[in-house]
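Comments concern the structure below.
Number of protein chains: 2
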Amino acid sequence: MTILRLPTPIHEMLGLPPLEKGWVWLVGAGPGDPGLLTVLALAALQQADAVVYDALVDESILRLARPGATIEYAGKRGGKPSPRQRDISLRLIELARAGKRVVRLKGGDPFMFGRGGEEALALVEARIPFRVVPGVTSGTGGLAYAGIPATHRDVNHAVTFVTGHNSGGDVPDDLDWEALGRGSPVLVIYMGLKHLPRIRSAVLAAGRRADEPVALVSHATTPRQRVVETTLAAVVEDAAAHAVEAPALIVIGEVVRLRAGLDWLAAMSGKVLEPDPLGLQPAPRQRA
Amino acid sequence: MTILRLPTPIHEMLGLPPLEKGWVWLVGAGPGDPGLLTVLALAALQQADAVVYDALVDESILRLARPGATIEYAGKRGGKPSPRQRDISLRLIELARAGKRVVRLKGGDPFMFGRGGEEALALVEARIPFRVVPGVTSGTGGLAYAGIPATHRDVNHAVTFVTGHNSGGDVPDDLDWEALGRGSPVLVIYMGLKHLPRIRSAVLAAGRRADEPVALVSHATTPRQRVVETTLAAVVEDAAAHAVEAPALIVIGEVVRLRAGLDWLAAMSGKVLEPDPLGLQPAPRQRA
Chain A
645 MTILRLPTPI HEMLGLPPLE KGWVWLVGAG PGDPGLLTVL ALAALQQADA VVYDALVDES
705 ILRLARPGAT IEYAGKRGGK PSPRQRDISL RLIELARAGK RVVRLKGGDP FMFGRGGEEA
765 LALVEARIPF RVVPGVTSGT GGLAYAGIPA THRDVNHAVT FVTGHNSGGD VPDDLDWEAL
825 GRGSPVLVIY MGLKHLPRIR SAVLAAGRRA DEPVALVSHA TTPRQRVVET TLAAVVEDAA
885 AHAVEAPALI VIGEVVRLRA GLDWLAAMSG KVLEPDPLGL QPAPRQRA
Chain B
645 MTILRLPTPI HEMLGLPPLE KGWVWLVGAG PGDPGLLTVL ALAALQQADA VVYDALVDES
705 ILRLARPGAT IEYAGKRGGK PSPRQRDISL RLIELARAGK RVVRLKGGDP FMFGRGGEEA
765 LALVEARIPF RVVPGVTSGT GGLAYAGIPA THRDVNHAVT FVTGHNSGGD VPDDLDWEAL
825 GRGSPVLVIY MGLKHLPRIR SAVLAAGRRA DEPVALVSHA TTPRQRVVET TLAAVVEDAA
885 AHAVEAPALI VIGEVVRLRA GLDWLAAMSG KVLEPDPLGL QPAPRQRA
């Protein structure tokens with residue numbers, strides 16, 4: 645995606661609410677592909693005086709900000725403690741009080757493991773007006789670019805999204821993995837790569853099959869996207885063998901098998917897709 | 645949002661991939677607010693020869709389609725059997741074979757209870773090229789407009805999205821509600837209004853507290869959005885008393901309490917937000 649040069653500001657052209665001076669918009673940037681920005685997010689970037697962004701926001705998205713906007717990094721890397729959360733909130737307050745139009749840009753969705761709620765409450769306390777602009781979360785959008793549906797009628801009527809680390813960087817200890825593993829046919833784990841062995845053990849202990857399919861989706865929706873298909877039994881070894889990089893989604897469940905039929909991105913490069921990846925059709929079709 | 649009149653097609657302006665003749669794009673329309681369309685979705689609508697849409701897609705979004713595009717309703721209403729799924733797929737194939745640029749527009753995200761996978765596999769079988777354009781799912785974006793975060797650090801490290809009915813219109817019988825209720829601190833149920841009494845019973849049987857907060861979010865992100873806050877004990881009666889309309893999200897969990905602090909939409913109309921809705925701060929602050 646290229647930088648916009650529009651004759652009229654995009655929010656005016658689209659009749660969207662303007663980002664006013666002294667306001668903070670908590671904006672989801674989506675999983676990476678700039679095409680997955682919402683139009684509200686794009687319009688916000690085009691109006692911003694200041695953009696405060698996370699580590700997970702793609703460079704190609706920052707380039708869409710208004711020329712002249714200040715771009716500040718407030719990155720937190722997965723797994724590390726984040727003593728600076730309060731500092732980030734204070735910076736947002738400071739910028740808003742200086743009369744800036746502030747975009748707080750977060751990877752994915754601000755309210756899906758994005759700590760948007762914490763920052764918003766700090767704004768409330770400081771009486772700074774704000775708006776939340778939801779984004780496509782990587783647990784759905786990132787999976788879709790890997791050819792894996794979060795849900796599929798013949799497979800699952802529920803899907804659980806889990807964060808693989810808490811604010812201290814550990815596997816959250818308030819999770820009942822046994823119940824999660826038993827109750828949720830598909831688990832999508834964000835930022836879980838570091839704790840993959842412990843997550844695998846917990847899920848196996850919940851009674852999930854060792855040959856259950858697993859996918860690791862790294863750098864989802866970006867040009868660096870890579871997908872490793874494996875099983876619960878082999879996931880730790882395969883993650884190492886393929887040098888899977890963070891950020892990565894871990895997908896556990898039968899929906900992973902659908903990738904043989906739904907990997908539309910690879911199909912654009914010639915991969916032949918399988919119309920019946922689950923083997924549900926009563927008899928194989930004859931092909932002339 | 646108004647109809648675009650751009651000097652240059654938006655996909656060219658943004659350097660997005662074009663929607664080619666004979667292709668079908670399975671596009672998520674998001675929860676309702678046209679501002680939550682992705683730029684890829686907007687660009688697709690602006691290029692489409694044919695738009696085949698669902699009941700859950702807002703009229704204001706259809707108005708963004710290219711003037712001259714044919715707009716076809718392929719609606720399925722929640723709770724009813726959908727004998728026409730095969731017909732919808734055949735129609736997409738027919739349009740693509742006629743050389744049209746086809747947008748299959750679905751509410752929310754095509755792969756989150758959207759049956760996008762089924763339609764895509766029918767396209768694979770017919771050898772029609774396709775792309776998936778993820779959208780903001782209502783379980784995150786719709787909640788955000790109600791001031792409820794799907795996750796919040798102090799509350800939950802996991803969230804489960806469930807569909808309240810299967811393809812036959814019943815509560816899915818392959819769900820282990822007991823394990824879901826025990827394992828997942830926050831449950832977000834799509835299209836569950838019709839089966840609210842059974843869902844309530846199942847969740848209570850899983851050991852959830854009767855006074856656990858519940859929100860019903862109806863017509864999320866649209867001008868008709870309404871939110872009812874209640875408890876598990878009272879949800880069935882309150883849904884009736886407030887005449888809550890479908891489509892509605894059912895949110896069960898402590899994140900609902902955050903609405904007192906995060907209802908940014910109501911704050912725009914003067915609602916005073918509470919900076920500490922969970923009562924986590926060690927001591928109440930003195931206010932001058």
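Protein chains in written order, with my numbering: chain A, 645 to 932; chain B, 645 to 932.
All C-beta atoms, glycine included, are put in the ideal place defined by N, C-alpha and C.
For clarity, every value in this text was computed on a predicted model and none was experimentally measured.
Per DSSP, Thr784/A is one residue of the alpha helix (DSSP H) stretching across 782-789. Here the C-alpha atom of Asp698/A lies approximately 15 Å from the C-alpha atom of Glu762/A. Less than 8 Å separates the beta-carbon of Leu831/B from that of Leu824/B. The continuous alpha helix (DSSP H) containing Gly825/A extends over residues 821-827.
Chain B places no beta carbon closer than 8 Å to that of Pro662/A, leaving this residue out of the contacts. Within the region 707-778 of chain B, the runs of alpha helix (DSSP H) at least 4 residues long that lie entirely inside it are, in chain order, 729-741, 760-769. In the three-state reduction of the DSSP assignment, Ser704/A falls in the helix class, which pools H, G and I.
Residue contact check for Met835/A against chain B: no CB pair falls below 8 Å. Counting only runs of 4+ residues, the alpha helix (DSSP H) found wholly inside the region 824-873 of chain A occupies 840-849, in chain order.
For Leu681/A, the secondary structure class from DSSP, reduced to helix, strand or coil, is coil. In terms of beta-carbon proximity, Val871/A stays away from the interface with chain B, with every pair separated by 8 Å or more. Between Ala859/A and Val847/A, the CB-CB gap reaches or exceeds 8 Å.
Between the region 742-757 of chain B and the region 770-781 of chain B there are three or more C-beta pairs closer than 8 Å, enough to call the two in contact.
Judged by pairs of C-beta atoms under 8 Å, the region 913-925 of chain B does not touch the region 682-702 of chain A, as fewer than three such pairs exist.
Under a 10 Å Cβ-count criterion, Gln925/A is classified as exposed, with fewer than 16 other Cβ atoms of the shown protein chains found around its own Cβ. Look at Val696/B: its C-beta is not under 8 Å from any C-beta on chain A. Using a CB distance below 7 Å, the part of the region 798-828 of chain B facing chain A consists of His801, Ala802, Val803, Thr804, Phe805, Val806, Thr807, Asn810, Ser811, Pro816, Asp818, Leu819, Asp820, Ala823, Leu824, Arg826, Gly827, Ser828, ordered along the chain. Scanning chain A for C-beta atoms nearer than 7 Å to the C-beta of Arg775/B yields Trp908, reported in chain order. Close to Val683/B, with beta-carbon spacing below 7 Å, are these residues of chain A in chain order: Gly679, Leu681, Val683, Leu686. Distance check between Val746/A and each of Ala688/A, Leu765/A, Trp908/A places Ala688/A closest, using alpha-carbon atoms only. For Ala699/B, the three-state secondary structure derived from DSSP is coil. A contact between stretches requires three or more CB pairs, one per stretch, nearer than 8 Å, and the region 766-775 of chain A meets this requirement with the region 733-740 of chain A. In this structure, the straight-line span from the alpha carbon of Gly785/B to that of Val900/A is close to 25 Å.
With a cutoff of 8 Å on beta-carbon distance, Leu902/B and Ile732/B are scored as not near each other. Straight-line spacing of the CA atoms in Lys744/B and Ala794/B works out to 39 Å.
Listed along chain A is no residue with a C-beta nearer than 7 Å to that of Thr866/B; the closest approach is about 14 Å.
Contact between the region 861-868 of chain A and the region 671-680 of chain A is present: three or more C-beta pairs spanning the two stretches fall below 8 Å. For Asp818/A and Val916/A, the gap between their C-alpha atoms comes out near 43 Å. A contact between stretches requires three or more CB pairs, one per stretch, nearer than 8 Å, and the region 709-719 of chain A meets this requirement with the region 690-697 of chain A. Sequence-distant Cβ neighbours of Thr875/B in its own chain, meaning closer than 7 Å and more than five residues away, are Ala854, Asp855, Glu856, Pro857, Val858.
Within the region 757-768 of chain A, contact with chain B at the beta-carbon level (separation under 7 Å) is assigned to Phe757, Arg759, Gly760, Gly761, Glu762, Ala764, Leu765, Val768. Excluding its 5 nearest sequence neighbours in each direction, Phe757/B has C-beta neighbours in its own chain below 6 Å: Thr807, Tyr834, listed in chain order. Exclusion of the five residues before and after Ala904/B leaves Glu918, Pro921 as the residues of its chain whose Cβ lies within less than 6 Å of its Cβ. It is roughly 15 Å from the alpha-carbon of Leu658/B to the alpha-carbon of Thr652/A. Under the DSSP assignment, Gly672/A falls outside any alpha helix (DSSP H), being part of the beta strand (DSSP E) whose first and last residues are 668-672.
In the three-state reduction of the DSSP assignment, Ile896/B falls in the strand class.
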